[in-house]
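Asker: Residue numbers are given in the UniProt record's numbering: position 614 of the sequence shown equals residue 614, and the series is strictly consecutive.
For glycine and all other residues, C-beta sits at the position ideal for the given N, C-alpha and C.
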Amino acid sequence: ARDAVGGAERCEAGGMACAALLWGCLLFGCSWGPGPPLVGAAALSTATYVLDDAGGLGRQFDGIGAISGGGATSRLLVNYQEPYRSQILDYLFKPNFGASLHILKVEIGGDGQSTDGTEPSHMHYENDENYFRGYEWWLMKEAKKRNPKIKLIGLPWTFPAWIGKGENWPYDYPDVTAYYVVSWILGAKQYHNLDIDYVGIWNERAFSSKYIKLLRYTLDKHGLQQVRIIASDRLWEPISFVLLLDSELRGVVDVIGAHYPGTKTVPNALLTKKKLWSSEDYSTFNDEVGAGCWARILNQNYVNGNMTATIAWNLVASYYEELPFGRCGLMTAQEPWSGHYKVEAPIWITAHTTQFTQPGWSYLQVDGHLEGGGSFVALTDGLGNLTIIIETMTHNHSQCIRPPLPHFSVTPQRATFYLKGSFYMVETLQVWHSRLGFESGNSSLFQQLHPVKVCKGSFSLDLNMDEVYTLTTLKTGQKCGCPEPPAPQPFPSNYKDDFNIRNPPFSEAPNFADQTGVFEYFINASDPGDHVFTLRQVLVHRPITWASDADQTISLIGNFQWVNMTVTCDIYIEKQCDGGVFIAGRVDNGGIYVRRTKGVFFWVFADGTYRVTGDLAGEDILMKGLSGVRDNVWHTLTLNIQGTSVSGLLNGYPLWENVTISKPSNGWAAIGTRSFEFAQFDNFHVE
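(1) For the stretch 91-107 against the stretch 67-78, are there 3 or more C-beta pairs whose distance is under 8 Å?
(2) Which residues does DSSP list as the beta-bridge partners of Met307?
(3) Quick one: Cα of Asn385 to Cα of Thr472, how far?
(4) Would you decide whether Asp62 is buried or exposed? Buried here means 16 or more other CB atoms lie within 10 Å of its CB.
(5) Within its chain, find whatever has a CB closer than 8 Å to the CB of Glu288; leave out the 5 residues flanking it on each side and keep chain order.
(6) How big is the Cα-Cα spacing for Asn564 and Leu298?
(7) Going by DSSP, what residue range makes up the alpha helix (DSSP H) through Asn268?
(8) In chain order, what residues of the same chain have a beta carbon less than 6 Å from the beta carbon of Thr476, not counting five sequence neighbours either side?
(9) Alpha carbon to alpha carbon, how far is Ile671 from Pro170?
(10) Which of the three DSSP states is assigned to Val227 in this structure?
(11) Run through DSSP, which three-state label would Thr332 get?
(12) Can you pull the DSSP bridge partners for residue 706?
(13) Strictly by DSSP, which residues pair up with Lys342?
(14) Pairing CB atoms from the stretch 664-682 with CB atoms from the stretch 530-545, are three or more of them under 8 Å?
(15) Comparing C-alpha positions only, which one of Met123, His433, Gly618, Phe499 sits nearest to Leu449?
(16) DSSP on Val176, reduced to helix/strand/coil?
(17) Run through the DSSP bridge pairs and tell me what Cys455 is partnered with.
(18) Is it true that the CB of Glu371 sits closer than 9 Å to the CB of Glu467?
(19) DSSP state of Glu248, grouped into three classes?
(20) If you check the beta carbons only, do Arg296 and Thr263 fall under 9 Å apart?
(21) Report the residue from Leu556, Ala669, Val600 whose alpha carbon sits nearest the alpha carbon of Asp116.
(22) Which same chain residues end up closer than 8 Å to Asp578 when comparing Cβ atoms and leaving out the 5 residues on each side of it in sequence?
(23) Check Gln413 in the structure and name its three-state DSSP category.
(24) Looking at C-beta atoms only, is the number of pairs between the stretch 656-665 and the stretch 638-646 that lie closer than 8 Å three or more?
(25) Would you say Tyr180 touches the ligand GDP, meaning its beta carbon is less than 8 Å from a heavy atom?
(26) Three or more C-beta pairs closer than 8 Å, one from the stretch 422-431 and one from the stretch 396-414: is that the case here?
(27) Counting along the chain, where does the alpha helix (DSSP H) carrying Met565 start and finish?
(28) How far does the alpha helix (DSSP H) with Tyr84 in it extend, from its first residue to its last?
(29) Entirely within the stretch 376-415 and at least 3 residues each: give me those beta strand (DSSP E) ranges in chain order.
(30) What are the residues that DSSP puts in a beta bridge with residue 692?
(31) Would Gly154 and Gly112 qualify as a contact pair, given that the criterion is a beta-carbon distance under 9 Å?
(32) Specify, as a first and last residue, the run of the alpha helix (DSSP H) that Met623 falls within.
(33) In angstroms, rounded to a whole number, what distance separates the CA positions of Trp23 and Leu429?
(34) Hey, could you find the ends of the beta strand (DSSP E) Trp432 is sitting in?
(35) Between which two residues does the alpha helix (DSSP H) carrying Trp137 extend?
(36) Quick one: what does DSSP say Leu474 is sitting in, helix, strand or coil?
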């Protein structure tokens, strides 16, 4: 192999040298592989593969992307200070820099819990429209700023309560739901100059054919013919079967999007002749195994399943790590208070495809299975450029979170590629290489190696296990690095927020992670005193849910490892008679598990009573009594947790003490309300 590399370099010297080396070129191609020769190289399995466009091309490539939302996965990203926030965004979106994503898919916030928190709707109530809530507008603009060609997708997980008129279902009034979704698309354009390219139906829940048709009609009526429809963001069936039966529906659905397809599709999906996408995939802890999962499915979703786009959940792990699916992002940015972030291996695995392809390129027609295990894809822009991506991920080093992965084996192998058709004249291919180091712990990620010389239309490559290669005619690839970010730090042990900000850049206060309900900055026009600027819980009805939202509202903050703490907050109950609010510590759960949240909860109610409970549901009562608290008056609550002993103060005076607790032993601080009701919070302090 080493001799052949030398031969390859001499090959390009021209006529005589190449003629002399012809035998070597025919025998080995120009064989080549990085690093030391493989042990037992003589016993390598060998196979040949032909890349040819003469008989036409395969499916059009639609891109690689990632999801922000489903839910609140970018919550902590917005609070990063510069320059760190821009560096993170560059790693995700800037072309030829890092992940260089082609697609950004965001949640159309619907006020409900959608995995790691709630995202606010642009219409909490029927007569309410606000296109500046949350952070997805901002994120889409930042993505477009870096890559004007990035494709944008919107998809709802939950819907505000008024859509269902009392029912937990968005399809009883399909015209209302279509109007609501189309208003989000119109608002994106009107207020942010964002063109949404694709819209989905209802994430991982039932679809309604009537609704999809009405959505297309409503889009067209508002001049949004260019917005394409993806259905149904669940499984291949029943959508594929229904499309085959219903020609009108087939005319309005542009893409079949399946979730976690395990690189496989179904016959009906192929029969529809529609674009097939893995519209949500990955969702795996972002270590080397997560990178192996991502490398394998990026290739094999096409090789096995004809899928022309793969979209990762999620874009960046910017939520408290102890929430569900912690660190299941392409990179990690969960410490805005320190500025620390980590560019994880999946970012560089992404780059192997995204930096050397673009939506609109085409796959070559070739069976991309390698004989020794692993896979390859080849793509072209139709203008002479060629990109080949090879992966040799082993089973145990590439398991995704779902579905289960059937056993397969990968062995070291020599692959010889023959370039034919318009690629026959290619002389040199740039080489980018990653090796995921599991035993050694030393991974080599997205390194540029010496170009490979193509001799008489062929070259050979020695492939080891757990490697990714990109071979490409493009010379634009770059591995860009920012200076090292600051070192990690725990959440500040003494943290205050008085919410006194006249024109906040975002609707939510930093670091508060809403788990049921929506907590927004509020200007209290009727209060000329100390509480003009507050944080207000604004939902008064339970949304159309995707997960099991709590019956109470709750927003978390702080460090999950906290044991002893004092939480103080001014509170204002707005709901008469049965309104109520709480402050809490050692809160142990959130996300899709929010209903089972335990902790120490100090409640006060508008009827003048108080309670101390060991759970959010309020069923585990540790103490209760009279407080004298009433609605529409400001009060100060203090909760002090030390070891197994808990006490509470009202307006600075002891209200209850000597309550004993055993579990949970640690957790976040939190604020919230008894039901979906207006309430305000001010001068929050945790120590």
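Answerer: Judging by the given coordinates:
(1) yes
(2) Paired residues: none, contrary to the question.
(3) 8 Å
(4) buried
(5) Ala345, His397, Leu436, Gly437, Phe438, Ser443
(6) 45 Å
(7) 267-271
(8) Asn96
(9) 30 Å
(10) coil
(11) strand
(12) No information on residue 706 is available, as it lies outside the stretch 1 to 687 that the chain covers here.
(13) In DSSP, Lys342 forms a bridge with Thr332.
(14) yes
(15) His433
(16) helix
(17) Beta-bridge pairing links Cys455 to Ser458.
(18) no
(19) When secondary structure is reduced to three states using DSSP, Glu248 falls in the helix class.
(20) yes
(21) Leu556
(22) Phe605, Ala606, Asp607, Arg674, Ser675
(23) It is a strand residue.
(24) yes
(25) The ligand GDP is not part of this structure, which contains no ligands at all.
(26) The stretch 422-431 is not in contact with the stretch 396-414.
(27) Not the alpha helix (DSSP H): Met565 falls in the beta strand (DSSP E), residues 565-573.
(28) 84-93
(29) 386-391
(30) The chain is shown only over 1 to 687; residue 692 falls outside these bounds and no answer can be derived.
(31) no
(32) Per DSSP, Met623 belongs to no alpha helix (DSSP H); it is in the beta strand (DSSP E), 621-626.
(33) At Trp23, the pLDDT of 33 sits below 50, so the modelled position is not reliable; the number obtained from the coordinates is stated separately. One C-alpha to the other measures close to 21 Å.
(34) Residue range 428-435 is occupied by the beta strand (DSSP E) that includes Trp432.
(35) 136-146
(36) coil
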